[in-house]
Amino acid sequence: MKFICLYLIIFSQFAQSAEYELRGNLEYKLMSYTENTSQNLGHFSLFNFEQKSFFNKKFMALNQLRAKSTSIETDLAEKITTKKQNNFEALLGENYIRFQNDSLIFQMGYQDIVWGESFGFHYADIINPRDERITFYSSQDDVRIPLLLINSKIFFKDGSLQLLYSPEPRFSKTLPIDLFIGDSLIQDQIIVRKESTPKVFKEHEYGFKLSTSFIGSDLSLFYYNYLDRNPYYEISNASLTSITLDEKHSRISSAGVSFAKTLADFVIRSDVVMTKDRKYNYISGLNFSSFQSDSREILVSLDTPSFKKFTGLIIIANKTLSQTLEGAFQNKSETQIIGRITKSLEGDASIDLSYTHDVKSKGKAIQTLIKLPVNNDTILNIGAEQYFGTKESNYGKIKKINNIFFSIKNYFKI
Numbered sequence: 473m474k475f476i477c478l479y480l481i482i483f484s485q486f487a488q489s490a491e492y493e494l495r496g497n498l499e500y501k502l503m504s505y506t507e508n509t510s511q512n513l514g515h516f517s518l519f520n521f522e523q524k525s526f527f528n529k530k531f532m533a534l535n536q537l538r539a540k541s542t543s544i545e546t547d548l549a550e551k552i553t554t555k556k557q558n559n560f561e562a563l564l565g566e567n568y569i570r571f572q573n574d575s576l577i578f579q580m581g582y583q584d585i586v587w588g589e590s591f592g593f594h595y596a597d598i599i600n601p602r603d604e605r606i607t608f609y610s611s612q613d614d615v616r617i618p619l620l621l622i623n624s625k626i627f628f629k630d631g632s633l634q635l636l637y638s639p640e641p642r643f644s645k646t647l648p649i650d651l652f653i654g655d656s657l658i659q660d661q662i663i664v665r666k667e668s669t670p671k672v673f674k675e676h677e678y679g680f681k682l683s684t685s686f687i688g689s690d691l692s693l694f695y696y697n698y699l700d701r702n703p704y705y706e707i708s709n710a711s712l713t714s715i716t717l718d719e720k721h722s723r724i725s726s727a728g729v730s731f732a733k734t735l736a737d738f739v740i741r742s743d744v745v746m747t748k749d750r751k752y753n754y755i756s757g758l759n760f761s762s763f764q765s766d767s768r769e770i771l772v773s774l775d776t777p778s779f780k781k782f783t784g785l786i787i788i789a790n791k792t793l794s795q796t797l798e799g800a801f802q803n804k805s806e807t808q809i810i811g812r813i814t815k816s817l818e819g820d821a822s823i824d825l826s827y828t829h830d831v832k833s834k835g836k837a838i839q840t841l842i843k844l845p846v847n848n849d850t851i852l853n854i855g856a857e858q859y860f861g862t863k864e865s866n867y868g869k870i871k872k873i874n875n876i877f878f879s880i881k882n883y884f885k886i
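Okay, here's the thing in structure tokens:
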């Protein structure tokens with residue numbers, strides 16, 4: 473609240489002389505589940521509205537308002553109950569003031585920080601929490617949850633240094649935990665108590681990113697100390713019929729390197745990220761608990777140029793824990809191989825097909841999307857996402873998400 477008041481005071485000083493740009497989008501997605509769920513049809517809707525205010529060549533402000541509604545938590549959960557289902561919420565999106573000159577960019581407010589994204593793998597994108605209920609083929613701008621940040625980026629010859637500080641951690645919105653617990657607990661009901669976002673200045677997050685370019689290559693080193701966006705759980709109460717789990721978020725730190733190079737229109741990208749002190753849950757017999765482990769994540773991807781209106785993407789991704797326990801929600805080592813092909817059609821229409829293979833567990837994912845622009849402002853999407861695997865594999869655990877979907881997205885500008 474203190475930040476919002478300060479923001480409004482600064483904004484009001486310049487508002488009378490500003491130039492404005494207003495735009496937004498509306499999206500509705502209808503899903504038909506192909507597995508046994510409590511509901512056959514699910515939905516997701518999203519509204520985005522933003523105003524850009526340009527006060528002069530160096531100073532501007534961005535204000536966004538978002539509203540979303542999703543049924544996925546209640547659709548997929550069988551045992552779980554929560555204090556708040558989050559079926560509908562209205563929230564501020566990116567809201568910040570920005571100063572820029574030839575050697576500096578300074579932003580203060582709620583922001584999205586993009587350090588690296590490769591087809592759903594966000595090993596280098598460690599700053600913003602994410603809405604993981606928004607699944608495949610969603611815009612990453614819709615998935616990220618803005619974070620209150622003081623963000624300074626200093627430019628020098630062939631590179632830049634970005635410094636970040638956040639006084640208000642936020643957490644990701646995750647899928648129901650009973651998708652991963654399955655039938656491992658005897659209780660018929662799971663009650664989850666969400667951890668509230670810490671008050672401003674009660675917790676602190678900080679980090680940096682150093683970037684440089686050389687011989688047609690981009691290299692960056694980064695570090696961030698923060699509260700884990702994804703939770704682990706502790707038992708607060710249990711009976712023969714129900715169990716109450718408290719959501720917790722441990723303090724972790726991540727450091728890594730990203731590398732990208734273009735060769736004959738082929739784009740090669742690699743991320744290596746080391747994370748310390750993350751906690752994971754496990755179930756052993758009737759014991760539900762957690763353990764702490766470091767992890768190493770490696771991603772290598774190759775993006776191909778267009779050939780006869782076809783483009784392709786190949787990704788190899790691996791995550792390895794320093795230690796694990798039997799019954800852990802996260803395997804000690806996971807390697808995934810992804811292939812994606814996109815065919816461009818007339819009038820900006822396209823067909824997209826991807827296949828993901830989990831090497832160890834043999835889990836698989838097949839996803840497809842047909843994009844059909846109606847006009848310059850409206851897009852129809854028809855697609856499907858299907859997951860296959862045993863109950864022990866990650867894809868097998870989330871196969872209740874399997875669905876075919878239809879969505880419509882409309883952009884507007886005032």
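The sequence shown begins at 473 in this note's numbering and counts up one residue at a time.
By construction, the Cβ of each residue, glycine as well, lies at the ideal position given by its N, Cα and C atoms.
All values derive from a computational prediction rather than experimental measurement.
Item checked: Start-to-end residues for the alpha helix (DSSP H) that takes in residue 612 -> Your numbering for residue 612 matches position 140 in the sequence shown. Per DSSP, residue 612 belongs to the alpha helix (DSSP H) from 612-615.
Notebook entry, point to check: Leaving out five residues before and five after residue 638 in sequence, what residues of the same chain have Cβ atoms less than 7 Å from its Cβ?
Noted result: Residue numbering aside, residue 638 sits at position 166 when the sequence shown is read from its first letter. Cβ within range, chain order: 619, 620, 621 and 677.
Checklist line | At least 3 beta-carbon pairs within less than 8 Å: the segment 746-761 vs the segment 781-789 | finding: no
Note to self: Within 8 Å, do at least three Cβ pairs link the segment 647-659 to the segment 683-694?
What the structure shows: no
Checklist line | Cutoff 6 Å; reference residue 560; Cβ partners in own chain excluding five residues on either side | finding: As a first step, residue 560 is located in the sequence shown; it is residue number 88 there, counting from the start. Once the five neighbours on either side are set aside, the close Cβ partners of residue 560 are 541.
Next item on the list: Work out the CA separation of residue 661 and residue 715 for me, nearest whole Å.
Entry: By one-based count along the sequence shown, residue 715 stands at place 243. By one-based count along the sequence shown, residue 661 stands at place 189. When rounded, the distance between both Cα atoms is 6 Å.
Notebook entry, point to check: Does DSSP classify residue 652 as helix, strand or coil?
Noted result: Position 180 of the sequence shown, counted from the start, is the residue given in the question as residue 652. It is helical.
Note to self: Our contact map puts residue 728 next to residue 745 with C-beta atoms below 8 Å; I'd like the distance itself, whole angstroms only.
What the structure shows: Locating residue 728 in the sequence shown gives position 256, counting from the first residue. Locating residue 745 in the sequence shown gives position 273, counting from the first residue. About 4 Å separates the two Cβ atoms, so the contact holds.
Checklist line | Beta-ladder partner(s) of residue 738, from DSSP | finding: Stepping through the sequence shown from its first residue, residue 738 is reached at position 266. For residue 738, DSSP records a beta bridge to 735.
Checklist line | Contact under 8 Å by Cβ, residue 664 with residue 717 | finding: Within the sequence shown, numbered from 1, the residue matching residue 664 stands at position 192. Within the sequence shown, numbered from 1, the residue matching residue 717 stands at position 245. Cβ distance < 8 Å, so residue 664 and residue 717 count as in contact.
Checklist line | Cα-Cα separation, residue 563 to residue 586 | finding: Taking the sequence shown and counting its residues from 1, the one referred to as residue 563 is at position 91. Taking the sequence shown and counting its residues from 1, the one referred to as residue 586 is at position 114. Those two C-alpha atoms are separated by around 20 Å.
Item checked: Every unbroken beta strand (DSSP E) within the segment 717-794, with a cutoff of 3 residues, ordered by chain -> 723-735, 738-756, 759-775 and 782-793
Next item on the list: Have a look at the DSSP bridge pairing and note the partners of residue 624.
Entry: Looking up residue 624 in the sequence shown gives position 152. Beta-bridge pairing links residue 624 to 578 and 635.
Check: Hey, is the segment 667-675 in contact with the segment 867-886, meaning 3+ C-beta pairs nearer than 8 Å?
Finding: no
Item checked: residue 555 classed as buried or exposed, judged by whether at least 16 other C-beta atoms fall within 10 angstroms -> Position 83 of the sequence shown, counting from 1, holds the residue named residue 555. Note that residue 555 scores 45 on pLDDT, short of 50, meaning its location in the model is unreliable and no value can be drawn from it.
Checklist line | Bounding residues of the beta strand (DSSP E) (the contiguous stretch that carries residue 514) | finding: For the purposes of this step, residue 514 is taken as the residue at position 42 of the sequence shown. Counting along the chain, the beta strand (DSSP E) containing residue 514 begins and ends at 513-526.
Check: DSSP three-state call for residue 702: helix, strand or coil?
Finding: Counting from one through the sequence shown, the residue named residue 702 turns up at place 230. Three-state DSSP puts residue 702 in coil, outside helix and strand.
Next item on the list: Determine the extent of the alpha helix (DSSP H) in which residue 866 is found, giving its start and end residues.
Entry: Numbered from 1 along the sequence shown, position 394 holds the residue referred to as residue 866. It spans 866-869 - the alpha helix (DSSP H) in which residue 866 sits, taken as one unbroken run.
Margin query: Do residue 536 and residue 566 have their beta-carbon atoms positioned less than 8 Å apart in this structure?
Written below: The residue you call residue 566 lines up with position 94 of the sequence shown. The residue you call residue 536 lines up with position 64 of the sequence shown. Yes, they are a contact pair.
Notebook entry, point to check: Excluding five sequence neighbours on each side, which residues of the same chain lie with their C-beta closer than 6 Å to the C-beta of residue 704?
Noted result: The count along the sequence shown starts at 1 and reaches residue 704 at position 232. Same-chain partners within the cutoff: 720, 751, 753 and 762.
Notebook entry, point to check: Hey, is the segment 769-777 in contact with the segment 827-843, meaning 3+ C-beta pairs nearer than 8 Å?
Noted result: The segment 769-777 is not in contact with the segment 827-843.
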